[in-house]
Every structure is written in C-alpha cells, then in structure tokens.
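As structure tokens, the structure follows; a few thoughts come after it.
Shown next as structure tokens:
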C-alpha cells in the first residue's frame, strides 16, 4: 500500500521511466491519469466510440512498449500522448477503411440535359470521358448525384481534401475542354 501511495504522487516523467522498467503499478497509475482524456480525444478523432476504445488500447500498448523513448526536452507528456493517440486513430481508420472500387464507366448525364439540348449532352459526355476515373466519379457525385464534398468523400472512402482536389481538377479540365468546343 505504501508503494501505491508513492506511485500516485510521482509526476508523469517518473512514471514513464518506471513503465520503461516494466513497472505495472506505475503503468496502472499512468493509465488512470490519462485514459479519460485520451478516450475523449480518440472519440473526437474517430467519431465512433467503439473505434476510439480500440485506439485507446493501441495508445497504451505503445506507452508500455515505448515509455523509454519519451524525452522531456521534446515536449510534455500530454503532447507526447496526443501524438501517439492521433497516429493510432489514423492507423485504425486506415485499417478499417473498405477497399474502394473506382468506376471505369462514366454515368450518363442526367436525362434533363439530354432533353434540353441533345448536342450539348453529347459534348458533355465526351468531355467527361477526358477525365480520369477518380475525377469523373467525384464530379458526377457532386454535380449529378447532389452529394456534398464531404458526403462524396465518405461514399467512396477517400479523405475530404483528396475528394475536393479531384472535383476541382476535374471541373477545371472540363471547363478547358468545353471552352475549346
């Protein structure tokens, strides 16, 4: 019991040094101090409580394995833990991301374009065929499917910045192709 009281009074860098020496009591104390805050951060990063629990487990597994790598000169313990948590969250999300099948055949333009001006519909369809498959898919989801960029990115399983880049570059390429017509 006396040892437990001593461990609870130690600061985090002392606990990490003890954890590096495989001190289970120091690990328990360290876990009790930081698990709640890290679970909250992981939940915000993952937006899923179950995934956040997996992340928390990964974080403390890494703390157990890498406690000896902590260096107070490089930052405080909270920052070190958050970096581990963020990296673990990204890793877990990457592992759980489904394989995405990119469509190779473009969807036809909406019927109302065909009805309004058949020649324009053919020109637009030809211009869409100039886009890469990922660009075409992104443009079609946003402009034909009515999806927001974040919904489109989620639907095909790519990061939002990647999806926005595909839409932007696809629209630019379409604009140039249609200007030549």
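Numbering (my numbering), first residue to last: 3 to 183.
The beta carbon of each residue, even a glycine, is placed where N, CA and C say it ideally should be.
The stretch 28-40 makes contact with the stretch 51-66: 3 or more CB pairs, one atom from each, lie closer than 8 Å. Judged by DSSP secondary structure, residue 60 falls within the alpha helix (DSSP H) whose first and last residues are 51-68. Just so you know, the alpha carbons of residue 146 and residue 20 end up roughly 59 Å apart. Around the beta carbon of residue 177, a 10 Å sphere encloses fewer than 16 other beta carbons of the protein chains shown; the residue is thus reported as exposed. When secondary structure is reduced to three states using DSSP, residue 23 falls in the coil class, being assigned neither helix nor strand.
Within the same chain, 37, 40, 41 and 44 come within 7 Å of residue 58 by CB-CB distance, once the 5 residues on both sides are set aside.
Under a 10 Å Cβ-count criterion, residue 135 is classified as exposed, with fewer than 16 other Cβ atoms of the shown protein chains found around its own Cβ.
By the CB criterion at 8 Å, residue 79 and residue 24 fall outside the cutoff. Note on residue 141: 16 or more other CB atoms within 10 angstroms of its CB, so buried under the neighbour-count rule. Taking a contact as a CB-CB distance under 8 Å, the pair residue 133 and residue 175 counts as one, their CB atoms being some 6 Å apart.
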